[in-house]
Amino acid sequence: MISPRGAPSVDGMTQHDNTLPHRTLGTQGLEVAAVGLGTMGMTMAYGAADEEGGAATIRRAYELGVTLFDTAELYGMGTGSNEQLLGRALKDVRDDVVLATKFGFDLSDPARMGALDSRPEHIREVTENSLRHLGTDHIDVLYQHRVDPDVPIEDVAGTVGELIAEGKVRYFGLSEAGPDIIRRAHAVHPVSVLQTEYSVFERAVEAEVLPVVRELGIGFVPYSPLGRGFLTGAVKSAAEYPADDMRSWDERWQPGNYEKNLAAVRELTALAESKGIAVTQLALAWLLAQGDDIVPIPGTRSPQRLAENVAAAHVTLTAEDLARIQEILPHGSAGSRYPAAFMPTW
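Throughout the sequence shown, residue numbering follows this note's numbering, covering 15 to 360 in sequence.
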């Protein structure tokens with residue numbers, strides 16, 4: 015499949031390609047291209063950071079028509095490095111893109127990795143830092159990264175609502191929130207988007223979360239839509255990854271689970287090849303076929319892989335294709351997506 019090419023270069027960056035289909039997330043008018051870009055892996059979780067390569071990939075995404083770019087305070091471990099990378103890469107086209115970032119962790123002490131903090135004063139502090147790191151006067155989508163059980167969600171929604179009224183934020187998002195939290199937050203200030211892991215490998219949201227966001231008119235942004243890389247087919251067993259790569263401890267890569275998941279990916283690959291597409295495109299097209307309120311944000315450091323991912327927006331799966339995918343993976347992958355201690359509590 016040939017991916018779209020941009021128009022002639024302007025200020026060193028090829029112009030934005032407008033052939034990528036767009037979708038509207040939520041009822042507040044947030045319109046974005048059908049495939050976005052997640053940037054976490056450019057600075058953490060998948061080995062050593064490659065900021066130069068990351069910037070090139072971000073710019074190429076823009077050229078291919080991507081408009082939604084996802085970052086977070088956490089991805090720089092409080093240094094702002096990931097947000098700064100994104101801000102620098104898109105500085106010249108800021109008005110053409112949607113920048114999404116997240117708050118919700120206490121990153122002041124590395125020994126307390128994973129500690130949550132969504133107190134109103136902390137939300138404001140993180141927001142000011144993110145604005146500075148991104149080099150912008152407003153954040154398009156501000157997510158609560160993880161639900162903080164010590165802070166009422168009403169206080170969180172109210173604070174983000176104030177930031178929206180002040181013009182510092184445009185849309186309110188939640189990440190890894192369950193039905194009750196979503197309803198309570200939405201009652202205080204409209205939630206435009208929910209971000210949670212979802213892929214043909216990870217299907218937990220289908221039972222309770224997706225019905226609620228659709229009832230309330232909230233868009234859905236799946237992260238890790240390629241199963242953290244497993245659905246690329248370019249995988250190794252857990253022991254072959256370095257300790258700073260999350261796949262070294264992800265249950266889906268562990269002995270027993272790994273072999274089952276690899277067998278499923280081989281079957282998906284055979285189906286993809288029969289259609290003349292890559293297995294990554296099959297996986298992303300499957301997600302896009304689950305509803306026009308869904309915009310996945312696959313992450314990659316490779317401009318070549320990026321072009322492949324974006325082209326998935328032009329793939330149409332038949333009812334027979336979808337039935338075959340369901341047959342191969344009726345309940346998702348073998349192994350949990352996080353260790354029990356890291357699993358969000360809905």
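Ideal Cβ placement from N, Cα and C applies to all residues, glycine included.
Can you give me the C-alpha to C-alpha distance between alanine 325 and glutamate 265, rounded to a whole angstrom?
If you number the sequence shown from 1, residue 325 lands on position 311. If you number the sequence shown from 1, residue 265 lands on position 251. Between alanine 325 and glutamate 265, the C-alpha separation is close to 30 Å.
Would isoleucine 167 and alanine 201 qualify as a contact pair, given that the criterion is a beta-carbon distance under 7 Å?
For the purposes of this step, residue 167 is identified with residue 153 of the sequence shown, where counting begins at 1. For the purposes of this step, residue 201 is identified with residue 187 of the sequence shown, where counting begins at 1. No, Cβ-Cβ distance for isoleucine 167 and alanine 201 is not below 7 Å.
Leucine 100 beta carbon less than 7 Å from that of phenylalanine 117
Looking up residue 117 in the sequence shown gives position 103. Looking up residue 100 in the sequence shown gives position 86. In this structure, leucine 100 does not lie closer than 7 Å to phenylalanine 117 by Cβ.
Candidates Gly346, Thr173 and Lys289, of which the one nearest aspartate 335 by Cα:
For the purposes of this step, residue 335 is taken as the residue at position 321 of the sequence shown. The residue with the shortest Cα to Cα distance from aspartate 335 is Lys289.
Checking 7 Å against the spacing of the C-beta atoms, do threonine 115 and isoleucine 153 come in under that value?
Here residue 115 corresponds to residue number 101 of the sequence shown, with the count starting at 1. Here residue 153 corresponds to residue number 139 of the sequence shown, with the count starting at 1. Cβ atoms of threonine 115 and isoleucine 153: closer than 7 Å.
Give a yes or no on whether the C-beta atoms belonging to alanine 299 and leucine 331 are separated by under 7 Å.
To locate residue 299, count along the sequence shown from 1; it is residue 285. To locate residue 331, count along the sequence shown from 1; it is residue 317. Yes, these two residues count as a Cβ contact at 7 Å.
Residue environment, proline 344, which counts as buried when at least 16 other CB atoms sit within 10 Å
Taking the first residue of the sequence shown as 1, we reach residue 344 at position 330. Under this definition proline 344 is an exposed residue.
Could you spell out the range, first to last residue, of the alpha helix (DSSP H) harbouring serine 316?
Here residue 316 refers to the residue found at position 302 of the sequence shown. Careful: serine 316 lies outside any alpha helix (DSSP H) and carries neither H nor E.
Cβ-based neighbour list, arginine 108, same chain, cut-off 7 Å, excluding 5 preceding and 5 following
Looking up residue 108 in the sequence shown gives position 94. Thr150, listed in sequence order.
Regarding isoleucine 291 and the ligand ADP, is the C-beta to nearest heavy atom distance less than 6 Å?
With respect to the ligand ADP, the structure shown offers nothing to examine, as it has no ligands at all.
Tell whether a beta-carbon distance below 7 Å holds between valine 46 and valine 309.
Translated into the one-based positions of the sequence shown, residue 46 becomes position 32. Translated into the one-based positions of the sequence shown, residue 309 becomes position 295. Cβ atoms of valine 46 and valine 309: closer than 7 Å.
Just to confirm before moving on: does the CB-CB distance between serine 206 and glycine 40 stay below 7 Å?
Position 192 of the sequence shown, counted from the start, is the residue given in the question as residue 206. Position 26 of the sequence shown, counted from the start, is the residue given in the question as residue 40. Closer than 7 Å, so yes.
Just reading off the alpha helix (DSSP H) that lysine 116 is part of, what are its end residues?
Mapped onto the sequence shown, residue 116 falls at position 102. Unbroken run through lysine 116 is the beta strand (DSSP E), 112 to 117; no alpha helix (DSSP H).
In chain order, which continuous runs of the alpha helix (DSSP H) of length 4 or greater are located wholly inside the segment 28 to 113?
65 to 77 and 95 to 103
Using the C-alpha atoms, what's the distance from alanine 327 back to arginine 338?
For this step, residue 338 is matched to residue 324 along the sequence shown. For this step, residue 327 is matched to residue 313 along the sequence shown. Using only the alpha carbons, I get a separation of about 20 Å.
The segment 48 to 58 contacting the segment 74 to 92, beta-carbon criterion three pairs below 8 Å:
yes
Under 8 Å by Cβ, that's how I've got glutamine 158 and valine 140 pegged, so tell me the actual separation to the nearest angstrom.
The residue given as residue 158 occupies position 144 in the sequence shown. The residue given as residue 140 occupies position 126 in the sequence shown. 10 Å between Cβ atoms; not a contact.
Classify threonine 93: buried if its beta carbon has 16 or more other beta carbons within 10 angstroms, exposed otherwise.
As a position in the sequence shown, residue 93 is number 79, starting the count at 1. Answer is exposed; the Cβ neighbour count stays below 16.
Can you tell which of Gln304, Lys105, Ala70 and Arg160 has its C-alpha closest to the C-alpha of serine 5?
The shown model of the chain, from 15 to 360, leaves out residue 5, and the question about it has no answer.
Assign isoleucine 291 to one of three DSSP states: helix, strand, or coil.
What you label residue 291 is simply residue 277 of the sequence shown in a count that begins at 1. If DSSP states are grouped into helix, strand and coil, isoleucine 291 belongs with coil.
Close beta carbons around histidine 203, own chain, < 8 Å, minus the five adjacent residues each side
Position 189 of the sequence shown, counted from the start, is the residue given in the question as residue 203. Contacts found: Ala171, Gly172, Val174, Gly175, Ile178 and Phe186.
N-terminal and C-terminal residue of the alpha helix (DSSP H) that serine 347 is part of
Translated into positions along the sequence shown, residue 347 becomes position 333. Judged by DSSP secondary structure, serine 347 falls outside any alpha helix (DSSP H); it is assigned neither H nor E.
Opposite phenylalanine 186 in the DSSP bridges: which residues?
What you label residue 186 is simply residue 172 of the sequence shown in a count that begins at 1. Bridge partners of phenylalanine 186: Leu156.
Report the three-state DSSP secondary structure of valine 235 (helix, strand or coil).
Start at 1 with the first residue of the sequence shown, and residue 235 comes out as number 221. Collapsing the DSSP output to three states places valine 235 in a strand.
From Asp164, Val165 and Ile342, residue whose alpha carbon lies closest to that of leucine 276
As a working mapping, residue 276 is identified with position 262 in the sequence shown. Ranking the options by Cα distance to leucine 276, first place goes to Ile342.
Per DSSP, glutamate 211 forms a beta bridge with which residues?
Residue mapping note: residue 211 aligns to position 197 of the sequence shown, counting from 1. Its beta-bridge partners are Tyr237.
Going by DSSP in three states, isoleucine 339 sits in which element: helix, strand or coil?
For the purposes of this step, residue 339 is identified with residue 325 of the sequence shown, where counting begins at 1. In the structure shown, isoleucine 339 sits in a helix (DSSP, three-state: H, G or I).
Do leucine 240 and threonine 283 have their beta-carbon atoms positioned less than 7 Å apart in this structure?
As a working note, residue 283 is residue 269 in the sequence shown. As a working note, residue 240 is residue 226 in the sequence shown. Going by C-beta atoms, threonine 283 is not nearer than 7 Å to leucine 240.
For glutamine 209, the nearest candidate out of Glu216, Pro225, Leu188 and Arg197 (CA to CA)
Numbered from its first residue, the sequence shown carries residue 209 at position 195. Selected option, being the one with the closest Cα: Leu188.
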